[in-house]
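Here's the structure we're looking at; comments come further down.
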Amino acid sequence: MSAILTYALHYEGEFNKNSLGAVSEASKLAGELGGEAAVVVVGDPGELTDDLCKSLGKYGAKKVYRAEAPEGLAQPVVDAMAKVIQDEGFKYALFGGGLLGFEIGAGLTARLNAGVTMEVTEVKVQDGKLVAVRPVLQDSAIVDVEYVGEPGIIIGRLNAFDTNESGDGDAEVVDVDLQLEEHSTRAKMVKRGEQRGADVNIEDADLLVAGGRGLGKAEGFELCEQLAEALGGAVAATRAVVDAGWYPYAAQIGQTGKTVAPKLYLAAGISGAIQHKVGMQSSENIVAINKDPNAPIFEFSDLGIVGDLNKILPKLTEAVKAKKGG
Ligand SMILES: Cc1cc2nc3c(=O)[nH]c(=O)nc-3n(C[C@H](O)[C@H](O)[C@H](O)COP(=O)(O)OP(=O)(O)OC[C@H]3O[C@@H](n4cnc5c(N)ncnc54)[C@H](O)[C@@H]3O)c2cc1C
21 MSAILTYALH
31 YEGEFNKNSL
41 GAVSEASKLA
51 GELGGEAAVV
61 VVGDPGELTD
71 DLCKSLGKYG
81 AKKVYRAEAP
91 EGLAQPVVDA
101 MAKVIQDEGF
111 KYALFGGGLL
121 GFEIGAGLTA
131 RLNAGVTMEV
141 TEVKVQDGKL
151 VAVRPVLQDS
161 AIVDVEYVGE
171 PGIIIGRLNA
181 FDTNESGDGD
191 AEVVDVDLQL
201 EEHSTRAKMV
211 KRGEQRGADV
221 NIEDADLLVA
231 GGRGLGKAEG
241 FELCEQLAEA
251 LGGAVAATRA
261 VVDAGWYPYA
271 AQIGQTGKTV
281 APKLYLAAGI
291 SGAIQHKVGM
301 QSSENIVAIN
311 KDPNAPIFEF
321 SDLGIVGDLN
331 KILPKLTEAV
341 KAKKGG
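Mapping to the numbering used here: the sequence shown position 16 is 36, numbers consecutive.
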């Protein structure tokens, strides 16, 4: 049974972590439904080689539907997924979140007149159907969402689904003969934006050192960069400092920035406003440095350090370097 279809974004011969999380989650759930998970990939056939497509089998995908169309744009993917869902009868489509996932999921929902749930943090199987779990009212309550018809579209929070190499062989590659809708050919990828201020994508980094207004000035970010470099992580920021021009927007975490879930989130000089919290609260370990013992960030930190970041950050960097050097 064709149960769950997902989409995998690739760039320079690699699938992105968020997509692989969605493929892993779809495979696990499809198994519980007694069906199969499949993946749509869209792009240049020269880049989407057989070996690359088959490798999605490692994450549990049974089939990979490969369509030749411009990559990195939502509408061609909507065309490809709508065709595969209609031809093969998939019951659900699942996405790992991220801007492209949101755009494709929304487009697919409109195209197929489907039901959609966004910001999903967990998916369960109940009575042979999928139930999407999502926080609402600024994360103060959690609701279960069931689908009354098919297909059901599920859009996860960024990195909500863990990657899991549970597959036991290559996926079968099926080429899709795709006719793009006329409106899907109107947008062109002119240039892929370079992320400034960090060589690592903060959404993929396992270790993040985030700076806020407590850094005092733009140059204060050097303290975060030094620690991030010593740890092998990346630098993130609050909206207050991004708005002040101290750090690039690409590094902003929160309601109007990115959502991250690294293994370690170290917050330096960040008060912990709700709009910041919603973007980082799923981090595995939260460590906060703040000179104010009553700062809200301590309420959701695993470890709190009350003190001046100008003294603590350099000492931490030294300690990490010494430990690594030793
Ligand atoms: C609609 C809307 C959307 C928003 N979206 C976002 C968003 O996406 N992301 C986001 O981050 N914010 C967002 N905000 C802004 C948010 O409300 C806060 O204003 C912002 O997060 C505060 O940033 P901050 O923690 O850097 O600064 P502050 O709140 O000013 O906190 C600075 C902290 O540094 C501490 N500090 C000062 N000096 C030192 C020192 N020497 N050593 C140690 N600690 C020190 C202070 O005690 C304080 O707790 C949004 C707001 C609105 C209204």
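The C-beta atom is built at its ideal place from N, Cα and C for all residues, glycine as well.
Extent of the continuous alpha helix (DSSP H) run through residue i
i, result
"residue 298", "294–300"
"residue 337", "329–345"
"residue 259", "259–263"
"residue 144", "Unbroken run through residue 144 is the beta strand (DSSP E), 142–146; no alpha helix (DSSP H)."
"residue 129", "118–132"
"residue 241", "241–251"
"residue 227", "Note, residue 227: premise wrong, no alpha helix (DSSP H); beta strand (DSSP E) at 227–231."
"residue 94", "94–108"
Contact set for residue i: own chain, Cβ-Cβ below 6 Å, skip 5 residues either direction
i, result
"residue 226", "282 and 283"
"residue 170", "111"
"residue 192", "83"
"residue 30", "none"
"residue 152", "137, 140, 143, 165 and 174"
Segment limits, beta strand (DSSP E) that includes residue i
i, result
"residue 310", "305–310"
"residue 155", "149–156"
"residue 87", "83–88"
"residue 22", "22–27"
"residue 166", "161–166"
"residue 195", "192–196"
Residue i classed as buried or exposed, judged by whether at least 16 other C-beta atoms fall within 10 angstroms
i, result
"residue 82", "buried"
"residue 162", "exposed"
"residue 314", "exposed"
"residue 252", "exposed"
"residue 339", "exposed"
"residue 58", "buried"
"residue 272", "buried"
"residue 47", "buried"
"residue 61", "buried"
"residue 133", "exposed"
"residue 297", "buried"
Own chain, CB closer than 7 Å to residue i, minus 5 neighbours either side, in chain order
i, result
"residue 341", "250"
"residue 148", "53"
"residue 241", "231, 235, 255, 266 and 267"
"residue 49", "24, 143, 145 and 150"
"residue 93", "207 and 209"
"residue 332", "309 and 325"
Chain B within 8 Å of residue i, Cβ atoms only
i, result
"residue 70", "Absence of chain B from the displayed structure is noted, only one protein chain being present."
Which residues have a Cβ closer than 5 Å to any heavy atom of ligand 1, listed in chain order? 232, 233, 234, 258, 259, 260, 274, 275, 276, 277, 289, 290, 291, 293, 295, 296, 310, 311, 312, 315, 328 and 329
Is it a yes or a no for the segment 91–105 touching the segment 114–129, going by three-plus beta-carbon pairs under 8 Å? yes
Meets three-Cβ-pair contact criterion under 8 Å: the segment 265–273 and the segment 193–209: no
Quick one: any contact between the segment 71–86 and the segment 138–153, if contact means 3 or more CB pairs under 8 Å? no
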